Amino acid sequence: MGMVNQSVLVYERLDSNMKNSQVRNVVIDVLLRNGLVDDAFKVLDEMLQKESVFPPNRITADIVLHEVSKGRLLTEEKIIALISRFSSHGVSPNSVWLTRFISSLCKNTRANAAWDILSDLMKNKTPLEAPPFNALLSCLGRNMDISRMNDLVLKMDEVKIRPDVVTLGILINTLCKSRRVDEALEVFEQMRGKRTDDGNVIKADSIHFNTLIDGLCKVGRLKEAEELLVRMKLEERCVPNAVTYNCLIDGYCRAGKLETAKEVVSRMKEDGIKPNVVTVNTIVGGMCRHHGLNMAVVFFMDMEKEGVKGNVVTYMTLIHACCSVSNVEKAMYWYEKMLEAGCSPDAKIYYALISGLCQVRRDHDAIRVVEKLKEGGFSLDLLAYNMLIGLFCDKNNAEKVYEMLTDMEKEGMKPDSITYNTLISFFGKHKDFESVERMMEQMREDGLDPTVTTYGAVIDAYCSVGELDEALKLFKDMGLHSKVNPNTVIYNILINAFSKLGNFGQALSLKEEMKMKMVRPNVETYNALFKCLNEKTQGETLLKLMDEMVEQSCEPNQITMGF
DNA sequence: CTAGGGTTAG
1 MGMVNQSVLV YERLDSNMKN SQVRNVVIDV LLRNGLVDDA FKVLDEMLQK
51 ESVFPPNRIT ADIVLHEVSK GRLLTEEKII ALISRFSSHG VSPNSVWLTR
101 FISSLCKNTR ANAAWDILSD LMKNKTPLEA PPFNALLSCL GRNMDISRMN
151 DLVLKMDEVK IRPDVVTLGI LINTLCKSRR VDEALEVFEQ MRGKRTDDGN
201 VIKADSIHFN TLIDGLCKVG RLKEAEELLV RMKLEERCVP NAVTYNCLID
251 GYCRAGKLET AKEVVSRMKE DGIKPNVVTV NTIVGGMCRH HGLNMAVVFF
301 MDMEKEGVKG NVVTYMTLIH ACCSVSNVEK AMYWYEKMLE AGCSPDAKIY
351 YALISGLCQV RRDHDAIRVV EKLKEGGFSL DLLAYNMLIG LFCDKNNAEK
401 VYEMLTDMEK EGMKPDSITY NTLISFFGKH KDFESVERMM EQMREDGLDP
451 TVTTYGAVID AYCSVGELDE ALKLFKDMGL HSKVNPNTVI YNILINAFSK
501 LGNFGQALSL KEEMKMKMVR PNVETYNALF KCLNEKTQGE TLLKLMDEMV
551 EQSCEPNQIT MGF
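Going by UniProt numbering, the first sequence opens with residue 1, and the numbers climb by one from there.
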């Protein structure tokens, strides 16, 4: 501390024309390192004055921002203000630091603040590089905000900040994930090889190719994906790797071409690339979807013999497949197998089990799994809560429904529209209109607009007690007061209700209305109408409607045949 | 910046 005091003493005695930026930087550094934050900021403030003779430089920003974030000396807001003051002197924070700061803002869903910082720095023409922009771009990409991404890239171009390989990677990836593969290919061709002022070139790399191949596969354009692989092999620094082949394998699996997928495994081996656990999981998943569990298990065991061990994802895939064919015992068997194999379950394994059990309506088993999940130190997420609430509603277990809701609240989780829709339909089925209204109100209070499903549940409830006037009122409200429009399901509910009451005229005019409004009728629409005709034995109208059904390309089903 | 895992209500 003595040394610090001496340094400060010396500094204070200096003539003000001796206190240049370099000297001040040293003093600020010493003060901050010794925790004398207020003193440091006093010196900094002198530098940041508008007409300061010795303004801050790159090093000032380096020292201050590094220490500030290391010691958490300032709030995010104050750091932003500080950056802005540096910016007004034409000083940028160090690129690495700025990138980290932008990322952390984005993680806290403060992309707007990040945007403002970068705009401010650009406006003041401070020197900038691509990485901080990449951080913001990848955040915008996660939110699929492509238009703001394009804006940012344009702004970069205006102030001559050159994009790098990562920038290109982010753009391609976001476009591919939004299924806009052609645009991704276009951006790729446009940006790659582009020479900038300083002679640098953005070179295409394996990640770019992998992303594009995956994008093409995900939209089923397998032939083009294969062509891109050929092109990739001809490029300089682009060697296909396990990711490349796994993307192709996934593409074939999704298309149900399991044999071709297995051929790609052979091709990758010939190419000197070992299949990995992702390869196994992809094919196991594909087999489960298209050829059933047994084939998948055989494949899995073959691969284990080749030395590729399964992981949580492998077991989860198998567990899910068991559940989807209602084989809970087998699901639990694979759960045990997973533990034996030394794979520690993560939260998602439990969610998958819960999802499977909810689908086959095994409420007691689901409760057991929830207990196991909690024992494992995990908690349910909104999705899992929704599935469970749905299950307990279905089982008329109001007590459990309330338990789930209080649990959610305890964990600070807000119900979403799916939760509300589930509850509204539950109360509707019990003809508890008071609760229905209460839920609708609460939903609005939570800032959630009613969805088509919400209306569907309520309209259905009023129809079920024969209050068609009330149902029609809501139906009309839909178009008027909210942005949701009636869909096929809503029309079917009403047509069914009128048909049941023998009001064929009203039912028929609703069907006409839906055709006029371009809402497609389906088999159920016609079946609902037939229900009414059958009683009145109006054969002629029936035949006419049958013809119309064909016209509308509605496949008649079992129920239709009964008329 | 690239590959594989659970999504509800009518």
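For glycine and all other residues, C-beta sits at the position ideal for the given N, C-alpha and C. The structure displayed is predicted, hence computed values, not measured ones.
Just how far apart, CA to CA, sit residue i and residue j?
i	j	result
Cys139	Lys123	22 Å
Met478	Gly390	25 Å
Asn20	Phe54	5 Å
Asn241	Ile249	13 Å
Cys532	Met516	22 Å
Pro450	Val325	34 Å
Asp302	Val308	9 Å
Phe498	Val452	20 Å
Asp205	Gly428	57 Å
Glu270	Glu236	20 Å
Ser92	Glu371	52 Å
Asp416	Leu373	22 Å
Leu105	Ala114	6 Å
Lys177	Gln442	35 Å
Met408	Thr75	31 Å
Pro275	Met295	18 Å
Glu259	His290	11 Å
Glu12	Phe41	15 Å
Met268	Lys262	10 Å
Glu336	Gly169	41 Å
Asn421	Met440	9 Å
Going along the chain, which residues of its own chain have a beta-carbon closer than 6 Å to the beta-carbon of residue i, five neighbours each way excluded?
i	result
Asp164	Ala130
Arg85	Leu48
Leu73	Val37
Met149	Leu137, Leu140
Asp120	Ser84, Ser87
Residue i lies in the alpha helix (DSSP H); which residues open and close that run?
i	result
Arg24	21 to 33
Val489	488 to 500
Asn210	206 to 218
Gly272	Here Gly272 belongs to no alpha helix (DSSP H), and DSSP marks it neither H nor E.
Cys463	452 to 464
Gly505	504 to 516
His66	58 to 70
Arg142	130 to 142
Gly412	It is not in any alpha helix (DSSP H) - Gly412 carries neither H nor E in the DSSP assignment.
residue 576	Past the edges of the chain, shown from 1 to 563, lies residue 576, and the structure says nothing about it.
Val166	165 to 177
Thr560	558 to 561
Ser103	95 to 107
Lys395	Neither: Lys395 is in no alpha helix (DSSP H) and is coded neither H nor E.
Gln49	Segment: none, Gln49 is in no alpha helix (DSSP H) and carries neither H nor E.
Val436	433 to 445
Leu152	146 to 158
Residues in the same chain with beta-carbon distance under 7 Å from residue i, minus the five sequence neighbours each way, listed in chain order, please.
i	result
Val30	Val4, Ser7
Thr99	Pro131, Pro132, Ala135
Val264	Tyr245, Leu248, Ile249, Tyr252
His320	Ala352, Gly356
Asn25	Ile59, Thr60, Ile63
Using DSSP bridges, identify the partner residues of residue i.
i	result
Arg195	Val201
Who are the near neighbours of residue i in its chain, counting only those whose CB is closer than 8 Å to its CB and skipping five residues on each side?
i	result
Leu474	Tyr455, Val458, Ile459, Tyr462
Lys348	Val312, Met316
Ranges of the beta strand (DSSP E) found wholly within the stretch 304 to 364, counting only runs of at least 3
none
Could I get the ranges of all uninterrupted alpha helix (DSSP H) runs contained in the stretch 240 to 272, with 4 residues as the minimum, in chain order?
242 to 254, 258 to 270
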